[in-house]
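Just so you know, we're using my numbering here: the sequence shown kicks off at 51 and counts up by one.
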Amino acid sequence: MIDKFLKAKHWQLFLSVFGIPMLLQLIFMGIIFIGINSEDGPNLPLLFNYIRIFPVISILFISLFFGWFWSIGVGLDKKIPEDLKLNLGRFKLFLIIPFLYYILVLLFISIAFPAMITMIGIPTGTIMSIILPIHFFAMFCMFHSLYFVAKTIKIAELKRKVTFGDFAGEFFLLWFFPIGVWIVQPKINKMIIQENEYL
């Protein structure tokens, strides 16, 4: 599976992780707005069904995104000289945490959110005091993963120690995925092709 992500073309990743999900979101939002503005009034059961379907679709596409990150971090680590290797175990843990957090948030939206809309007097302070620290930690883990993947790409490319200045471009391109994938993935493809030629 790792090789499939590393050998995938940039347009394939763009469509599977960004293009198709964006199109589906636009379709779902259009259906929801049409349902809300209908002459008969909003069909709440139908709207809640769409709210339940949306997270399932999101989990599928976010799995592809995190799978791509995992593939770069783990796959390119094998192409790094032994004395330059990064802490792969910490990367895996820090990538799994935001992935699980995102899935839990999506499941909460699909299961609990429709029920909460009808409730009055939700203790939002308690909920926020639990969610905010977890959210910020998940954000930290995601930035660490961006940092790790960008650094891994550059070390695999240059085969030497690198500073943030060396891989800042890759870091920001990964951060802004819809643009960055068009530049980062061809670089990864080139490294994989070159390695296969040497074998």
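Quick reminder that beta carbons are idealized off the backbone N, C-alpha and C, glycines included. Please read these numbers as outputs of a predicted model, since none were measured by experiment.
Of the choices Phe83, Lys142, Leu73, Gly80, whose alpha-carbon is the least far from that of Val199? Lys142
So is Thr202 buried or exposed if we call it buried at 16+ other beta carbons inside 10 Å? buried
Looking at the structure shown, is Leu236 part of a helix, part of a strand, or coil, going by DSSP? For clarity, residue 236 is Pro in the given sequence; the question names Leu instead. DSSP places Pro236 in helix when its eight states are reduced to three.
Could you name each continuous beta strand (DSSP E) segment of 3 residues or more that falls completely within the stretch 172-211, going from the start of the chain to the end? none
Backbone CA spacing between Ile107 and Ile243 [nearest angstrom]: 33 Å
Assign Asn99 to one of three DSSP states: helix, strand, or coil. helix
Should Ala188 be labelled buried (16 or more other beta-carbon atoms within 10 Å of its own) or exposed? buried
Check whether the Cβ atoms of Ile109 and Tyr151 sit closer than 8 Å, and answer yes or no. no
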